[in-house]
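Before any comments, here is the structure.
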Amino acid sequence: MGDGNATNNRGLSSNNKPEWLQQYDLIGKIGEGTYGLVFLARIKSPTANRGKSIAIKKFKQSKDGDGVSPTAIREIMLLREISHENVVKLVNVHINHTDMSLYLAFDYAEHDLYEIIRHHRDKVNHVISQYTVKSLLWQLLNGLNYLHSNWIIHRDLKPSNILVMGEGDEQGVVKIGDFGLARIYQAPLKPLSDNGVVVTIWYRAPELLLGAKHYTSAVDMWAVGCIFAELLTLKPLFQGVEVKGNPNPFQLDQLDKIFKVLGHPTPEKWPTLANLPHWQQDLQHIQGHKYENTGLYNVVHLSPKTPAYDLLSRMLEYDPRKRLTASQALEHEYFRNDPLPGRNALVCQTGEKVNYPTRPVDTSTDFEGTTSLQPPQTVSSGNAVSGTMSGAHGGTMRSVPRQMAVGGMQRMQPQGMPAYNITSQAGMGGGMNPNGIPMQRGVPAQAHQQQLRRKDPGMGTNIYPPQQKSRRL
Amino acid sequence: MADFLTSTHRAKWIFSTQELAEKYKASNQRAIQALEKYGATLMEVDADGSLSYPEPPMNPKDTADKHSRPKPLNIEEERYMRVFYENKLQEVCNNFHFPHKIQATALIYFKRFYLQWSVMEHHPKNIMLTCIYAACKIEENHVSAEELGKGISQDHQLILNNEMIVYQSLEFDLIVYAPYRSIDGFLNDMEEFCRVKDDQLHLLKALHETARMEVDKIMLTDAQLLFPPGQLALAALRCSNGVHQVIDFDRYLRNILSRQSSAHNVSELIESLNAIDSWVKRYKFPSEKDLKHINRKLKSCWGLGSNDESKKREKKSKHKSKKSSNETQNVLSLTET
Chain C
1 MGDGNATNNR
11 GLSSNNKPEW
21 LQQYDLIGKI
31 GEGTYGLVFL
41 ARIKSPTANR
51 GKSIAIKKFK
61 QSKDGDGVSP
71 TAIREIMLLR
81 EISHENVVKL
91 VNVHINHTDM
101 SLYLAFDYAE
111 HDLYEIIRHH
121 RDKVNHVISQ
131 YTVKSLLWQL
141 LNGLNYLHSN
151 WIIHRDLKPS
161 NILVMGEGDE
171 QGVVKIGDFG
181 LARIYQAPLK
191 PLSDNGVVVT
201 IWYRAPELLL
211 GAKHYTSAVD
221 MWAVGCIFAE
231 LLTLKPLFQG
241 VEVKGNPNPF
251 QLDQLDKIFK
261 VLGHPTPEKW
271 PTLANLPHWQ
281 QDLQHIQGHK
291 YENTGLYNVV
301 HLSPKTPAYD
311 LLSRMLEYDP
321 RKRLTASQAL
331 EHEYFRNDPL
341 PGRNALVCQT
351 GEKVNYPTRP
361 VDTSTDFEGT
371 TSLQPPQTVS
381 SGNAVSGTMS
391 GAHGGTMRSV
401 PRQMAVGGMQ
411 RMQPQGMPAY
421 NITSQAGMGG
431 GMNPNGIPMQ
441 RGVPAQAHQQ
451 QLRRKDPGMG
461 TNIYPPQQKS
471 RRL
Chain D
1 MADFLTSTHR
11 AKWIFSTQEL
21 AEKYKASNQR
31 AIQALEKYGA
41 TLMEVDADGS
51 LSYPEPPMNP
61 KDTADKHSRP
71 KPLNIEEERY
81 MRVFYENKLQ
91 EVCNNFHFPH
101 KIQATALIYF
111 KRFYLQWSVM
121 EHHPKNIMLT
131 CIYAACKIEE
141 NHVSAEELGK
151 GISQDHQLIL
161 NNEMIVYQSL
171 EFDLIVYAPY
181 RSIDGFLNDM
191 EEFCRVKDDQ
201 LHLLKALHET
211 ARMEVDKIML
221 TDAQLLFPPG
231 QLALAALRCS
241 NGVHQVIDFD
251 RYLRNILSRQ
261 SSAHNVSELI
271 ESLNAIDSWV
281 KRYKFPSEKD
291 LKHINRKLKS
301 CWGLGSNDES
311 KKREKKSKHK
321 SKKSSNETQN
331 VLSLTET
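Below you can see the structure in the form of structure tokens.
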């Protein structure tokens, strides 16, 4: 605040939208989950980025008395430190002071692996081309190698968190998203279950399922292996039935699904197996599930002699210490054979291309998450009274357990409604990003973005912008 | 840990001595201007996170009378106030038996926060507690605000009220690098460098312990805003080596520089280490008399100088929320301790 916007009272314009929101045209809601909502918006400010699509992830305020959402804070602090072509880009952070919620603005990615796989499975009824699979996998590993070499474990890799850019100069580029559970691992990481966090079990590494106390980067590589297989077959590789309950129940079915395909793990092949608590305790006679035949190549329809199979089986190595690392995987023969991986994973050199559907958008939901029955023009978004996420959403949720978009969100079902542009309604808006935090490195420090106001509404000048000049140093 | 070389810590939060002085001056000046304009400087953080300066005096004559107007803190007095609360911060963390890392992170947050604001604008006690709370959250050692508040008999709502403005003032650059880990790294390296035999390991241990204590001292100075953590660690180790005489330190410095094909030369590096040493030597804790004097001034800057003023504020806060009235009480209790 205070960036030369002295005519506004309390940082609100007459139409009650917070200034930061006025730089966007809200298109609608594209996802919903435990942490909050995801919106699609376009930049409308007169900048070079006009019309650019932005995904805005709104975090709910955390439980009463807990202050700002730790998930949001951790995601922001990690994304502030990292920058890589294959990692989602945080463009801005906005704060809604009314309910202390945080809005994270990301470059918008039109696709994700969940939707791409689903499209091939349900619509085109055809496998994903070799070129596309290889390019997606290579870029995913490239981003992951960057994270791991910066000592960051993602911990929640799954198809819906692997985003792919739509039309534009980054078309077909993979972006790893949702860093809500990611951690820097300079110190041993506690199990997620200790924080009461629930994540999909299908991509969970066997050492975690067997009660390993600490995370290593190898858990991400297991997930990549599962995703690789899913890209090849269009079906989740280990589709276990999740045991619900607290805290962190033993997932027998998930382990059984893994054992069935990969064979029974043995202490000979996996020396530390005997130390894993659930194995040691032989919970539900887990040691007795004997599956001798390893049928992985049958499941993924690959000959055991192919480089693709070799790479996959090394990612699905039981012993986390023997499992391939991201940097080793990038060096694998699979990526040196034709077709070579490319930057645009969706369009190969021959021009062959699948037209993937765009993300469904629920245009009847405003930034507060409340559904309006009226056309979006009249929806007042932003700084309204309620900070609750009570809003119903228009669509029915899919039954498959999944999360999505910028991550951690359930996707909207298609609404059959056109994306609605609300430009006409918006006021002049303030300057660019008045309340926001500049995200580029090296941008001079801009503190005091908070609303600064005097409590003398009768006195005429409503805003006291302290030391405007010095803050622009 | 994410790489320091590409970190926001390195890119944005290491300053020149001059830049640092300018920042302190700028926030001091802003608070002085607020004082002239409104008669008081303490900003209120509302439940909705918005900030405001106090109400302007009802009677314009009040401000016209130069003698009754509160005197602002000068830059030196502000520094003393920060020093006082930085020590308090260490004390609170020790009482809670928090890991070293949390204390270090909270200290860095506190110092960075007061690069943007004057102690006249935000009560350092509240900010100190919020910095500890935030450090716990970030370092995955979650302590609820309520627990933290209870442990030090403070209203936890004050911690929560300030949380967002702390993150904002830190520009959400929340991953920070304290020198403790660098010390561990250098010690491993030294072990190889001087090919320590098993019976000499106790020497390195002694070197380690003294160096850590030395870092505790460095962390309280502004050196952490001026030098990268590696240099702070080396300064602490050199100091410690001066006590224990374990290795030829100059030779060690030349050795690491030759290995890193660094842009620095030894004399530059030694100059930095000397500068860090002198920050520690110059460090001064305010005398009780100074503190009393500064606290009195600060109280009047905050608009709590006369009985009249505080009553006015209390009245106002009553119809606002109970948080603010607690705030007033805490502010008052501070000066008595």
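Taken in sequence, the protein lines are chains C and D.
Quick note: the first sequence uses UniProt numbering, first residue 1, plus one each step.
Quick note: the second sequence uses UniProt numbering, first residue 1, plus one each step.
All C-beta atoms in this analysis are idealised placements derived from N, C-alpha and C, irrespective of residue type, glycine included.
Source: prediction; values computed, not measured.
Residues near residue i in its chain [Cβ-Cβ closer than 7 Å; skip 5 each side]
| i | result |
| --- | --- |
| Leu208/C | Val219 |
| Arg472/C | Low confidence applies to Arg472/C: its pLDDT is 28, below 50, so where it sits in the model is not reliable enough to give any reading. |
| Leu269/D | Leu253 and Leu257 |
| Ala41/C | Tyr24, Asp25, Leu26, Ile27, Ile54 and Ile56 |
| Pro72/D | Ala31, Ile32, Leu35, Met120 and Cys301 |
| Lys315/D | Bear in mind that a pLDDT of 43 at Lys315/D, under 50, signals an unreliable position, so the number given afterwards is only what the model happens to contain. Excluding positions up to five away in sequence, the list is empty. |
Paired residues, beta bridge with residue i - DSSP
| i | result |
| --- | --- |
| Leu40/C | Gly28/C and Ala55/C |
| His111/C | Val164/C |
| Ala105/C | Ile56/C and Asn92/C |
| Ile176/C | Val87/C and Ile162/C |
| Val347/C | Lys353/C |
| Val45/D | Leu51/D |
For residue i, the three-state DSSP class (helix, strand or coil)
| i | result |
| --- | --- |
| Tyr53/D | strand |
| Lys101/D | helix |
| Phe227/D | coil |
| Phe96/D | coil |
| Pro70/D | coil |
| Thr365/C | strand |
| Arg183/C | strand |
| Glu75/C | helix |
| Ile152/C | strand |
| Val219/C | helix |
| residue 532/C | Look at the range of chain C in this structure, 1 to 473, and you will see that residue 532/C is not part of it. |
| Ala275/D | helix |
| Arg359/C | coil |
| Asp256/C | helix |
| Arg321/C | coil |
| Gln251/C | coil |
| residue 479/C | Since the first and last residues shown for chain C are 1 and 473, residue 479/C lies out of range. |
| Leu330/C | helix |
| Asn28/D | helix |
| Thr266/C | coil |
| Ala11/D | helix |
Sequence-distant residues of the same chain with beta carbon closer than 8 Å to residue i, five excluded per side
| i | result |
| --- | --- |
| Ile14/D | Leu225, Leu226, Phe227 and Pro228 |
| Leu20/D | Leu115, Asp222, Leu225 and Leu226 |
| Phe330/C | The question names Phe, but residue 330/C in the sequence shown is Leu. Closer than 8 Å at Cβ, skipping near neighbours: Trp138, Leu141, Asn142 and Asn145. |
| Glu139/D | Pro99, Lys101, Ile102 and Thr105 |
| Ile152/D | Val92, Asn95 and Leu129 |
| Lys111/D | Arg82, Glu86, Asp222, Gln224 and Leu225 |
| Ser118/D | Ser27, Asn28, Arg30, Ala31, Thr41, Leu73 and Glu78 |
Cβ-Cβ separation, residue j to residue i (assumed contact under 8 Å), whole Å
| i | j | result |
| --- | --- | --- |
| Ile54/C | Asp107/C | 7 Å |
| Asn161/C | Asp178/C | 4 Å |
| Ile165/D | Leu51/D | 7 Å |
| Ile294/D | Tyr80/D | 6 Å |
Cβ shell of residue i (< 6 Å), same chain only, five flanking positions each side left out
| i | result |
| --- | --- |
| Ala206/D | His244 |
| Lys52/C | Ile43 |
| Ala223/C | Leu157 and Tyr203 |
| Gly184/C | The question names Gly, but residue 184/C in the sequence shown is Ile. Around Ile184/C: Trp151 and Ile152. |
| Thr358/C | Glu110 |
| Tyr131/C | Pro339 and Cys348 |
| Trp279/C | Leu210 and Leu273 |
Inter-stretch contact at 8 Å, needing at least 3 Cβ pairs: the segment 138 to 150 of chain C / the segment 326 to 338 of chain C:
yes
Taking 8 Å as the threshold, find out whether the segment 131 to 141 of chain C comes into contact with the segment 162 to 174 of chain C through three or more Cβ pairs.
yes
Does the contact criterion of 3 or more C-beta pairs under 8 Å hold for the segment 166 to 186 of chain D versus the segment 74 to 82 of chain C?
yes
Would you call the segment 258 to 275 of chain C and the segment 287 to 304 of chain C in contact, with 3 or more CB pairs under 8 Å?
yes
Within 8 Å, do at least three Cβ pairs link the segment 102 to 111 of chain D to the segment 129 to 142 of chain D?
yes
Tell me, please, whether the segment 182 to 198 of chain D touches the segment 142 to 159 of chain D by the rule of three or more beta-carbon pairs shorter than 8 Å.
no
Specify whether the segment 79 to 94 of chain D and the segment 270 to 286 of chain D touch according to this definition: at least 3 beta carbon pairs, one from each stretch, less than 8 Å apart.
yes
Report yes or no: do the segment 199 to 213 of chain D and the segment 104 to 123 of chain C share at least 3 C-beta pairs separated by less than 8 Å?
no
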